[in-house]
């Protein structure tokens, strides 16, 4: 019991440092000094210990017991916390159940003939040390281990396939075309820009800090990049970088960015819609006023989800592995160590705190992250996920 108490203290101390205190929780700026202590107590009340499943539960089933190694923070996780209609491939989170998402795992025991002990896999798993998962949750076995395993949460996983399918299948690039990528330093955007350069395109990306802009231009090979926060008029900025217009806009942001892009698209332009991260955390999503340009410029705008392109995964690997080996494609990761860092890492996606693909490296703190949340979905993520949704941390025995 004493060891458990010490473990709880270390967890809450870590959380106090990692998770910002919501202003409304503190009761205003005058109470910021006491916020750390109050937040520690707030989380302490929500730490509990539960018995984990036993290996004998595998017997007689086709389930697979896996040890989770890397967990992926993705914007879709925010969508699954709110009341928004989603396709059958994704399911809303259930209150008081383990948070789920993409991850890299190692098979411990298997009741399914396609998977054996020590197989490495990536797919949907839970934010915990060990998970019982069904074969349908496993996307693919990991066969190429000469690259970091964390890459299978990013460049060789869901984000990589999303970038490949969205850009090549929907964007249909041609050499010499002009490409604009929003959220360009993120998990998907950084790859779209590099794939565009491999295709002989002119590429401009936008991001939310000067450091990210430097990353895009000096490491990822974008022709130009700009900090959208420093641009008073995005429409004017796009005209500056694309005086002849945009052929392909890879959409990751939505809202005002999309509205500014539409008048700057060229005839027969293409807009693959991968995400709209600026909208997921709004009580009232922003409208788009320039949709008429879709008609008069004959623009093709199409949304997609990665599941639609799983059949192209091995073709994608054949495309991307050689330039990775040759150093022609690089990948930037932002790895948070320990599952206790998961909440801050996830929240950081929506404040621009991460640089590159946000990954959580599991460590020896045996935790399960569970969310108790109201289903209204209104308010900011910091208010919802950190306060109204209440992150609950469970120790696994």
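In the UniProt record's numbering, the protein residues as written are 1 to 397.
The beta carbon of each residue, even a glycine, is placed where N, CA and C say it ideally should be.
Residues near residue i by beta carbon distance below 7 Å, same chain, minus five either side
| i | result |
| --- | --- |
| residue 302 | 170, 272, 273 |
| residue 313 | 140, 161 |
| residue 210 | 227 |
Inter-residue spacing [alpha-carbon to alpha-carbon] between residue i and residue j
| i | j | result |
| --- | --- | --- |
| residue 176 | residue 202 | 6 Å |
| residue 403 | residue 178 | Any property of residue 403 remains undetermined from this structure, which presents the chain solely from 1 to 397. |
| residue 241 | residue 344 | 34 Å |
| residue 106 | residue 350 | 30 Å |
| residue 129 | residue 108 | 12 Å |
| residue 96 | residue 340 | 17 Å |
| residue 73 | residue 333 | 11 Å |
| residue 224 | residue 204 | 5 Å |
| residue 112 | residue 208 | 45 Å |
| residue 94 | residue 152 | 26 Å |
| residue 356 | residue 346 | 13 Å |
| residue 172 | residue 318 | 18 Å |
| residue 125 | residue 99 | 9 Å |
| residue 194 | residue 174 | 14 Å |
| residue 101 | residue 304 | 18 Å |
| residue 283 | residue 154 | 29 Å |
| residue 63 | residue 103 | 17 Å |
Proximal residues to residue i (C-beta, below 6 Å), its chain only, five neighbours per side dropped
| i | result |
| --- | --- |
| residue 236 | none |
| residue 182 | 206, 252, 253, 257 |
| residue 120 | 106, 142 |
| residue 310 | none |
| residue 354 | 334, 348 |
| residue 231 | 237 |
Close-in-space but distant-in-sequence residues of the same chain around residue i (CB under 8 Å, 5 per side omitted)
| i | result |
| --- | --- |
| residue 278 | 253, 254, 255, 256, 257, 286 |
| residue 244 | 178, 266 |
| residue 308 | 165 |
| residue 238 | 180, 246, 260, 261, 264 |
Best match in the options for proximity to residue i [C-alpha to C-alpha]
| i | options | result |
| --- | --- | --- |
| residue 168 | 315, 66, 124 | 315 |
| residue 196 | 210, 249, 227 | 249 |
| residue 76 | 334, 281, 64, 66 | 281 |
| residue 69 | 149, 93, 63 | 149 |
| residue 117 | 92, 73, 67 | 67 |
| residue 259 | 200, 233, 100 | 233 |
| residue 288 | 335, 275, 262 | 262 |
| residue 338 | 313, 352, 312, 358 | 358 |
| residue 192 | 210, 166, 211 | 166 |
| residue 275 | 79, 62, 61, 63 | 79 |
| residue 61 | 115, 99, 100, 103 | 115 |
| residue 221 | 246, 212, 299 | 212 |
| residue 336 | 328, 362, 352 | 362 |
| residue 270 | 154, 283, 297 | 297 |
| residue 246 | 229, 299, 230 | 299 |
| residue 352 | 103, 229, 154, 63 | 229 |
Integer-rounded CB distance, given that residue j should sit under 8 Å from residue i
| i | j | result |
| --- | --- | --- |
| residue 139 | residue 123 | 4 Å |
| residue 342 | residue 360 | 5 Å |
| residue 164 | residue 320 | 7 Å |
| residue 71 | residue 127 | 6 Å |
| residue 306 | residue 162 | 5 Å |
Contact with chain D by residue i, beta-carbon distance below 8 Å
| i | result |
| --- | --- |
| residue 263 | Judged by its chain identifiers, the structure shown contains no chain D, having just a single protein chain. |
Contact between the region 139 to 146 and the region 206 to 220 is defined here as three or more beta-carbon pairs at a separation below 8 Å; is this criterion met? Too few Cβ pairs lie closer than 8 Å, so no.
Is there contact here, the region 290 to 310 with the region 319 to 329, by at least three beta-carbon pairs under 8 Å? Not touching, per the Cβ criterion.
Kindly confirm or deny that the region 124 to 136 and the region 252 to 266 touch, where touching means at least three C-beta pairs closer than 8 Å. Segments in contact, no.
Inter-stretch contact (C-beta, 8 Å, three-pair minimum) for the region 186 to 197 and the region 146 to 163: In short, these stretches touch, since the Cβ pair count reaches three.
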